[in-house]
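Q:
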Amino acid sequence: MLERIQEAADFLNGKMRCHPELAIILGTGLGSLVHEISDKQEIDYADIPHFPVSTVEGHGGKLIIGRLGNRDVMAMQGRFHYYEGYGMKEVTFPIRVMHALGIRKLFVSNAAGGTHPDFKVGDLMMITDHINLFPEHPLRGHNIPYGPRFPDMSEAYSKEWVELAMRLAGEKGWLLRKGVYLGTQGPTYETPAEYRMFRLLGADAVGMSTVPEVIVARHCGMKVLGVSVITNVAASADAVAEASHEEVQQVADAAQPRMTTLMKELINRI
Numbered sequence: 000m001l002e003r004i005q006e007a008a009d010f011l012n013g014k015m016r017c018h019p020e021l022a023i024i025l026g027t028g029l030g031s032l033v034h035e036i037s038d039k040q041e042i043d044y045a046d047i048p049h050f051p052v053s054t055v056e057g058h059g060g061k062l063i064i065g066r067l068g069n070r071d072v073m074a075m076q077g078r079f080h081y082y083e084g085y086g087m088k089e090v091t092f093p094i095r096v097m098h099a100l101g102i103r104k105l106f107v108s109n110a111a112g113g114t115h116p117d118f119k120v121g122d123l124m125m126i127t128d129h130i131n132l133f134p135e136h137p138l139r140g141h142n143i144p145y146g147p148r149f150p151d152m153s154e155a156y157s158k159e160w161v162e163l164a165m166r167l168a169g170e171k172g173w174l175l176r177k178g179v180y181l182g183t184q185g186p187t188y189e190t191p192a193e194y195r196m197f198r199l200l201g202a203d204a205v206g207m208s209t210v211p212e213v214i215v216a217r218h219c220g221m222k223v224l225g226v227s228v229i230t231n232v233a234a235s236a237d238a239v240a241e242a243s244h245e246e247v248q249q250v251a252d253a254a255q256p257r258m259t260t261l262m263k264e265l266i267n268r269i
C-alpha cells in the first residue's frame, strides 16, 4: 500500500505547478466550485497510478489544482463510494496520497438526507461529529504508519473551523445548521423506519460518503471541516419524501452559490 501511495504522489509531484496545503472533496452536484479556482491544472483520475475512477453521475473524475482565494488548493471533482464496489482502502486512497503530498487541511462536502425535524431541503449543515455505520472500517488491517494504531476521534471535525463558519454565516445573514452526520453504505435511500432509527441514534443528517475519508484524514493528522447540503428530508415521523439522484443533484446545484462563497471565505480566513 505504501508503495502505491508513493507512486501516485510522485506522479502528481511531477505534474503539479504548486504545492497545495489544503484539499477539498466536492460531493454530489457541488463540482462547480472548480470554476472559482484560478491558474488551474486538471488531472484525470484515470491517469494517476492506482487511483480509482468515479462511476457516479455528477462526479467529474478529476483532480483540480490551483488557486482558490489566497491559497493553493487541490480539489477532488468526484469521490469514490463503498456502494460502487470499492473497498475502503480504495475509497480512502486519495486521502493517503494527499498526506504524502504534504496536505494537512481537508474540507469535505456531501449531499445528505435530513433527519432533524427542523431541517429543510436546501439547508447547509456544518458537520460537528459523525456516526459510522459502514460495514467495513477504513483502518482495518495493517496499520499504515501515517498515524497511530488506535487514533483519537474526539474531535473528528475542527470545532474552531465550525465556529468560524457559523460566524461567517452570521455576517452574511445565512441560516447555517450544525449537526451530526451518519454514514451508511447505500446505495438505497433510507426507509421511514431507518430515518426514525437514525434520529434516535442522534443523527441530524444521513449520507453515503465522508465518514471513511474523515477517519483516514484524522489518522493522518489532518484538520477537517465538513459540510452537508440537505437535499431531502423526512416529511413526518412516519414518511419520507420520495428522492431520486436527479432531484438530489438539483437541490445541491441550487445550494452551490452559498457553498462556494462559504468555502472561499473560510479558506481566506483559516
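For the sequence shown, numbering that gives the first Met the number 0 gives the first residue as 0, with consecutive numbering after it.
Glycine included, every Cβ here is placed at the ideal spot set by N, Cα and C.
This one's a predicted model, so the numbers in the text were calculated from it and none came from an experiment.
Any idea if T187 is buried or exposed, counting beta-carbon neighbours within 10 angstroms, 16 or more meaning buried?
A: By the neighbour-count rule (16 or more Cβ atoms within 10 Å), T187 is not buried but exposed.
Q: What beta strand (DSSP E) runs, 3 residues minimum, are completely inside the stretch 86–153?
A: Entirely contained in the stretch 86–153, the beta strand (DSSP E) runs reaching 3 residues are, in chain order, 104–113 and 123–131.
Q: Going along the chain, which residues of its own chain have a beta-carbon closer than 8 Å to the beta-carbon of Q184, five neighbours each way excluded?
A: Here the set comprises Y81, Y82, L132, F133, P134 and M207.
Q: Beta-carbon within less than 8 Å of K171's beta-carbon, same chain only, minus the 5 sequence neighbours each way: which residues are those?
A: Here the set comprises T260.
Q: Counting beta carbon pairs with one atom in the stretch 140–147 and one in the stretch 192–202, are three or more of them shorter than 8 Å?
A: The stretch 192–202, when compared against the stretch 140–147, does not touch it at the 8 Å Cβ threshold.
Q: At 4 residues or longer, what runs of the alpha helix (DSSP H) sit wholly inside the stretch 6–70?
A: Counting whole runs of 4 or more residues, the stretch 6–70 contains no alpha helix (DSSP H) stretch at all.
Q: Go ahead and pull the three-state DSSP assignment for G185.
A: Three-state DSSP puts G185 in coil, outside helix and strand.
Q: If you drop the 5 nearest sequence neighbours on each side, which residues of the same chain put their C-beta closer than 8 Å to that of K39?
A: Around K39: V33, I63, I64, G65 and R66.
Q: Distance, Cα to Cα, L224 vs F106?
A: Each residue's alpha carbon lies about 5 Å from the other.
Q: State buried or exposed for H141, treating a residue as buried only when at least 16 other CB atoms are found within 10 Å of its CB.
A: Looking at its Cβ environment, which holds fewer than 16 other Cβ atoms inside 10 Å, H141 is exposed.
Q: Cα-Cα, which of L163, A74 and F79 is closest to E20?
A: Answer by Cα proximity: A74.
Q: Classify A236: buried if its beta carbon has 16 or more other beta carbons within 10 angstroms, exposed otherwise.
A: Any reading at A236 must be qualified, since the residue scores a pLDDT of 48, below 50, and its modelled position is unreliable; no value is offered.
Q: Provide the residue span of the alpha helix (DSSP H) that contains G169, from first to last.
A: It spans K158 to K171 - the alpha helix (DSSP H) in which G169 sits, taken as one unbroken run.
Q: What would DSSP say about R78, mapped onto helix, strand or coil?
A: Correct three-state label for R78: coil.
Q: Leaving out five residues on either side along the sequence, give the residues of the same chain with a beta carbon under 7 Å from the beta carbon of R198.
A: Same-chain partners within the cutoff: T114.
Q: Take the Cβ of D128 as the centre, count every other Cβ of all protein chains shown within 10 Å, and call the residue buried at 16 or more, exposed below.
A: Looking at its Cβ environment, which holds 16 or more other Cβ atoms inside 10 Å, D128 is buried.
Q: Kindly identify the DSSP beta-bridge partner or partners of G225.
A: G225 is bridged to V107.
Q: Going by DSSP, what residue range makes up the alpha helix (DSSP H) through A202?
A: Looking at the DSSP string, A202 is not in any alpha helix (DSSP H), and its letter there is neither H nor E.
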